[in-house]
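K.L.:
First the structure, which I've put down as structure tokens, then a few questions once you've had a look.
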Amino acid sequence: VEGPEAARLLAGLPDPGSVATTCLWYDAPASPQPGGALALDGQGSGPVNNLAVLSDVAPTYAPAGRALVNASMSGLAEEADDVLDATVRGQLRGWYGPQVDRWRRLRVDRIEHAQPVQLPGVLEPPQRPVRRGPGLWVCGDHRDTASLNGALVSGRRTAVEVTTTLRERAAAA
Numbered sequence: 001v002e003g004p005e006a007a008r009l010l011a012g013l014p015d016p017g018s019v020a021t022t023c024l025w026y027d028a029p030a031s032p033q034p035g036g037a038l039a040l041d042g043q044g045s046g047p048v049n050n051l052a053v054l055s056d057v058a059p060t061y062a063p064a065g066r067a068l069v070n071a072s073m074s075g076l077a078e079e080a081d082d083v084l085d086a087t088v089r090g091q092l093r094g095w096y097g098p099q100v101d102r103w104r105r106l107r108v109d110r111i112e113h114a115q116p117v118q119l120p121g122v123l124e125p126p127q128r129p130v131r132r133g134p135g136l137w138v139c140g141d142h143r144d145t146a147s148l149n150g151a152l153v154s155g156r157r158t159a160v161e162v163t164t165t166l167r168e169r170a171a172a173a
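In our numbering, the protein residues as written are 1 to 173.
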């Protein structure tokens, strides 16, 4: 569950706050940047922070001969989808040229709780405890780094602790 919901369900678990994102998904005739690299906006020139061609690293994410493109930005875009799409394409035309006009927009996702807020110093210690009490564990990117990797690492740490506890209980029985 998202951070605010986890905090509501588990008394004493602080709500870390959330960072929002908006993602536009496109079907493209070809990858604009073959090779699987993440493109970053190093100039801060537009709404798009990064672009990824997911089908370059997971070919089954798009039909053969097509590409699945994701353009992401910070925050919840307030513009209507068509207006936002036009703005995004304007920025991406500067990156990839007129090929972006051949992309078909599939959807726009506005994700209010995309990641927990992690300001400098918040990860002291770098990995927060996953055990919350007898028989109670919690995992998620709010227990490690605010990332998919942090969520996976936290899940693994929790699984190890749960398994260890169950083995200890079985040995004591």
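Backbone N, C-alpha and C fix where the C-beta goes; we use that ideal spot for every residue, glycine too.
1) Could you name the residues that DSSP lists as bridge partners for T22?
2) Measuring only from the beta carbon, is P116 closer than 8 Å to any heavy atom that is part of the ligand SAH?
3) Which residues mark the beginning and the end of the beta strand (DSSP E) in which A173 is found?
4) Looking at C-alpha atoms only, which residue of P134, T22 and P125 is the closest neighbour of D85?
5) On the three-state DSSP scale, how would you describe D27?
6) Candidates T145, V160 and S147: which alpha carbon is nearest R131's?
7) By a C-beta neighbour count over all protein chains shown, 10 Å radius and 16 as the cutoff for buried, is V57 buried or exposed?
8) May I ask you to list the residues that DSSP assigns as paired with V83?
9) Expressed to the nearest angstrom, what Euclidean distance is found between the alpha-carbon atoms of M73 and T60?
10) Apply the 10 Å Cβ neighbour rule to Q115 and answer buried if 16 or more other Cβ atoms are within range, or exposed otherwise.
11) Quick one: Cα of G133 to Cα of L166, how far?
12) So which of A39, D109, T164 and A173 has the shortest CA-CA distance to L92?
13) Per the contact definition of three or more C-beta pairs closer than 8 Å, is the segment 105-112 in contact with the segment 18-35?
14) Determine the burial state of V88: buried for a count of at least 16 other Cβ atoms within 10 Å of its Cβ, exposed for fewer.
15) Run through DSSP, which three-state label would P4 get?
16) Below 6 Å CB to CB, which residues in the same chain sit around S31 once its five sequence neighbours on both sides are set aside?
17) Please look up how many angstroms separate the CB atoms of H142 and G3, rounded, as I've assumed it's under 8 Å.
P.N.:
On the basis of the supplied data:
1) M73 and R110
2) The model on display carries no ligand, and the ligand SAH is accordingly not part of it.
3) A173 -> no beta strand (DSSP E), and no H or E assigned at all.
4) T22
5) strand
6) V160
7) exposed
8) DSSP output for V83 lists no bridge partner at all.
9) 25 Å
10) buried
11) 14 Å
12) A39
13) yes
14) buried
15) helix
16) V53, D56 and A67
17) 5 Å
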